[in-house]
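Working notes for the structure below.
Number of protein chains: 2
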Amino acid sequence: MKEISRREFLIGAGAFSASFLLSKFFEISSVQAKVKPQKWPWPYEKLDPEKTAEIAYNEWYRIFCGGAVISSIFSQLAEKIGEPYASFPIDAFIIMEGGVAGWGTICGSLNGAAVVANCICGPRIAGLYDGHIIASNLMKWYSETELPIYVPKNPRANKKSIIKTVSESPLCHISVGKWMKASGHAYRSPERRDRCARVTASVAYELVKKLNTWKDGEYDEELEWYCPSDFGVTGQMNCMECHGTEIPVAPQPKK
Amino acid sequence: MKEISRREFLIGAGAFSASFLLSKFFEISSVQAKVKPQKWPWPYEKLDPEKTAEIAYNEWYRIFCGGAVISSIFSQLAEKIGEPYASFPIDAFIIMEGGVAGWGTICGSLNGAAVVANCICGPRIAGLYDGHIIASNLMKWYSETELPIYVPKNPRANKKSIIKTVSESPLCHISVGKWMKASGHAYRSPERRDRCARVTASVAYELVKKLNTWKDGEYDEELEWYCPSDFGVTGQMNCMECHGTEIPVAPQPKK
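In the order they appear, the protein sequences are chains P and S. Okay, so the first sequence: first residue is 1 according to my numbering, each after it adds one. Okay, so the second sequence: first residue is 1001 according to my numbering, each after it adds one.
Here you go:
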């Protein structure tokens, strides 16, 4: 798997920015005039990963994975800094639950983390790329790591120990399904719920570690996975898990 | 496939709300005190689906699928109503591109639509369920419909005609991959880009139709797909497409 250097990513982004400027000039500027310009990046103060994870664990039981990651970070920053965090509609992001409304697509903790990273570090449309890299690399970390890592102060289940699994995917269906298979616990069991709350806490912990490094000006990770560059279509890294040995070749650019 | 009646969904939600109240009472209330309470649902004025789709099509070329759906609706409401739309950090949602940072998970137009529906109609944590139902049913509609439907005023490619495909999935990788296979166009081609911009516009169109019906007090759709109830794990409806004939049975609840 090829890592994309910051330079390569920025070169691609340069072409992107140029097309943005053109399109903006011709027809889109009227749309943007109606919304308040954001000051990117948002103000950030370093947070305690442990405390953040604990909040995320408990918030899972209120607004599930996506909302919990957002709440664990934005609620602390609302207290420390105020706006724009205080007005962010955190609870609406409960919809990220179960891979968006139970459809098993992206794990909500990653979906929520992507929103957090791109608000705090800013979006690439503003010429800021760390939010994109943090969101993407967190998906790779999640896919490759034995989860859950974080042990809450007062676990609601799995009190003696918990089985850890590697999802090899950012998808809820696959991540949850592999853990259920390994543990034997049903979807609606207290053990599965505690597991997903711990995964959410583990993602919040890792995200805050990256954001703190970024705040210190020391975040220099490369983009570790960008499927369109390597395989000519969006996707994750283990094609065979769904395709078996018959992996389609993407149509190639015309010369 | 079983449809979940509003009544069944609300009964499940009732147990959920009770556990929410308990958990909130014991330990989470301090977190929520730090953020401004939202007034759900957000104020809404009916929009023109055609105009919204046209904005979404053009915004795709600026901030891609997820950001474009959010922008097409929130920018108009920012003009008509002002807050809370004007301060929403639309551009951060560019990260939903390509199934979140190019990973091919949920199509960004659906991810963005889920956020829009749950801001405007409110989240189920507030006892409001239409946002959840709209987001979920839009995913089913997307999976079953020949897309793209919307024809922009000034298409940037596919000017004479465009191939339509049914994704049978809300996932970017599958939706884009099936269209690329049917059309023969590469990922980075103008044709594929125009196709995704049109899909985004089609989703924005359909979402506004649902929101307008909701505003009129006439939105009464049932939840059409909720995998955890039927199969004991989150997921989409066509297990065999990835699993082949060896579909695992989810661990069952202990009696």
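Glycine included, every Cβ here is placed at the ideal spot set by N, Cα and C.
Short Cβ contact (9 angstroms threshold) for residue i with residue j
| i | j | result |
| --- | --- | --- |
| K254/P | A1186/S | yes |
| V1256/S | V1116/S | Nothing can be reported for residue 1256/S: it is not among the residues displayed for chain S, which extend from 1001 to 1255. |
| V31/P | S1075/S | yes |
| D194/P | Q1038/S | no |
| Y85/P | Y150/P | no |
| T165/P | S183/P | yes |
| N118/P | I1094/S | yes |
| V208/P | L147/P | no |
| P43/P | G1067/S | no |
| P170/P | C239/P | no |
| Q236/P | H1173/S | yes |
| K210/P | L138/P | yes |
| K1181/S | P41/P | no |
| W257/P | I134/P | This structure cannot settle anything about residue 257/P, because the visible part of chain P is limited to 1 through 255. |
| I1125/S | I63/P | yes |
Straight-line Cα distance separating residue j from residue i
| i | j | result |
| --- | --- | --- |
| S136/P | L128/P | 14 angstroms |
| E1218/S | N1212/S | 9 angstroms |
| K1080/S | S1087/S | 14 angstroms |
| P228/P | G1104/S | 9 angstroms |
| I1120/S | E246/P | 43 angstroms |
| L1256/S | A157/P | This structure does not reach residue 1256/S, given that chain S is present from 1001 up to 1255, and the question cannot be answered. |
| K140/P | D1230/S | 30 angstroms |
| A78/P | K153/P | 24 angstroms |
| R192/P | A53/P | 18 angstroms |
| H132/P | C1065/S | 15 angstroms |
| W179/P | G1082/S | 45 angstroms |
| S202/P | E221/P | 20 angstroms |
| I1111/S | D216/P | Sequence check: residue 1111/S is Asn here, not Ile. Approximately 32 angstroms, taken between the alpha carbons. |
| K160/P | T145/P | 21 angstroms |
| A1056/S | H1243/S | 35 angstroms |
| P190/P | I73/P | 25 angstroms |
| G102/P | N1058/S | 30 angstroms |
| P299/P | S167/P | Given a span of 1 to 255 for chain P in the structure shown, any question on residue 299/P remains unanswerable. |
| G1232/S | K36/P | 44 angstroms |
| Y61/P | S71/P | 12 angstroms |
| A1113/S | R188/P | 27 angstroms |
| T234/P | D130/P | 20 angstroms |
| S1005/S | K1051/S | 33 angstroms |
| A250/P | E241/P | 17 angstroms |
| P1089/S | P89/P | 11 angstroms |
Bridge-paired residues (DSSP) for residue i
| i | result |
| --- | --- |
| T1268/S | There is simply no residue 1268/S to check, as chain S begins at 1001 and stops at 1255 in what is shown. |
| L1128/S | BP columns for L1128/S are empty, so no partner. |
| L1171/S | I1106/S |
| said: Which residues of the stretch 91-110 of chain P have a Cβ closer than 9 angstroms to any Cβ of chain S? Give them in chain order. | reply: Those residues of the stretch 91-110 of chain P that come within reach of chain S (Cβ to Cβ, closer than 9 angstroms) are D91, A92, F93, I94, I95, M96, E97, G98, G99, V100, A101, G102, W103, G104, T105, I106, C107, L110.
| With a cut-off of 8 angstroms, do at least 3 Cβ pairs link the stretch 1043-1061 of chain S to the stretch 92-100 of chain P? | no
| Near-chain P residues of the stretch 1143-1175 of chain S (beta-carbon distance less than 8 angstroms), N- to C-terminal order | P1170, L1171, C1172, H1173
| field | Residues of the stretch 1221-1249 of chain S whose Cβ lies closer than 7 angstroms to any Cβ of chain P, in chain order | value | Y1226, C1227, P1228, G1232, V1233, T1234, G1235, Q1236, C1242, P1248
| query | Closer than 7 angstroms, Cβ to any Cβ of chain S: which residues of the stretch 186-216 of chain P, in chain order? | reply | A186, Y187, R188, S189
| field | Interfacial residues, the stretch 1116-1140 of chain S to chain P, with Cβ spacing under 8 angstroms | value | A1117, N1118, C1119, G1122, P1123, R1124, I1125, A1126, G1131, H1132, A1135, S1136, M1139
| query | Closer than 7 angstroms, Cβ to any Cβ of chain P: which residues of the stretch 1051-1072 of chain S, in chain order? | reply | I1055, N1058, E1059, Y1061, R1062, I1063, S1071
| query | Residues in the stretch 34-50 of chain P with C-beta within 9 angstroms of chain S's C-beta atoms, listed in sequence order? | reply | K34, V35, K36, Q38, W40, W42
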